Amino acid sequence: MESSITKDDEGLPKNKYRTYYTRSDFFWSMVSIWIVLPIAATLIFNYFGVDIGGIEKRLKISDGQLVGRGFSLDLFSVWFLQIPLHIHRCYKRVLDMGLHKWFTVLFCIPPIHLLLIFWPSKKI
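Just so you know, we're using the UniProt record's numbering here: the sequence shown kicks off at 1 and counts up by one.
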């Protein structure tokens, strides 16, 4: 009878549930959650006519003259999506570091959160 666990190149058993969530994966997921997601969501919602206030055009007028043009970006316009995604990614990173899952609560605090980027992964 064949075993459902296969062996990898080093002879260690492969677990289909084992994930590696490295520091760079975590960093790029945070960039995508906190910067790319609000921009993309605003553009998509604006396309369908829903204004969530993410990107707003700005005009600066002084003494009746147009002085400058620009835009402002609200990075917290889709916080209801960002916060659960952020907690999920922190949870995955905490497990990859080899810590107990309840450390996720501690690492979701912003200054302590930076440790997730610099703390090395657990060697499996």
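Backbone N, C-alpha and C define an ideal beta-carbon position, used for all residues, glycine too. Please read all numbers here as calculations on a predicted model, not as lab measurements.
With distances taken Cα to Cα, identify the nearest neighbour of residue i among the options.
| i | options | result |
| --- | --- | --- |
| T42 | T104, L75, F107, F26 | L75 |
| W34 | I61, K122, G54, F118 | G54 |
| M30 | L73, L114, K122, S121 | L114 |
| S24 | I44, L59, R93 | R93 |
| L73 | V50, P120, P38 | P38 |
| S32 | C108, S121, G70, I83 | I83 |
| G70 | K122, K60, I52 | K60 |
| I109 | Y91, K57, T22 | Y91 |
| V50 | R58, W28, V78 | V78 |
With 16 other CB atoms within 10 Å as the buried threshold, where does residue i fall?
| i | result |
| --- | --- |
| L12 | With a pLDDT of only 46 at L12, under the threshold of 50, the placement of this residue in the model should not be trusted, and no figure is reported. |
| L106 | exposed |
| P111 | exposed |
| D96 | buried |
| F26 | buried |
| L116 | buried |
| R89 | buried |
| V36 | exposed |
Quick check on residue i: does DSSP put it in helix, strand or coil?
| i | result |
| --- | --- |
| L115 | helix |
| P120 | coil |
| L106 | helix |
| L99 | coil |
Original post:
In the region 11–93, which residue ranges form an unbroken beta strand (DSSP E) of at least 3 residues, counting only runs that do not cross its ends?
Top reply: 55–62, 65–73
Original post:
Does the region 66–73 come within contact of the region 96–105, defined as at least 3 CB pairs closer than 8 Å?
Top reply: no
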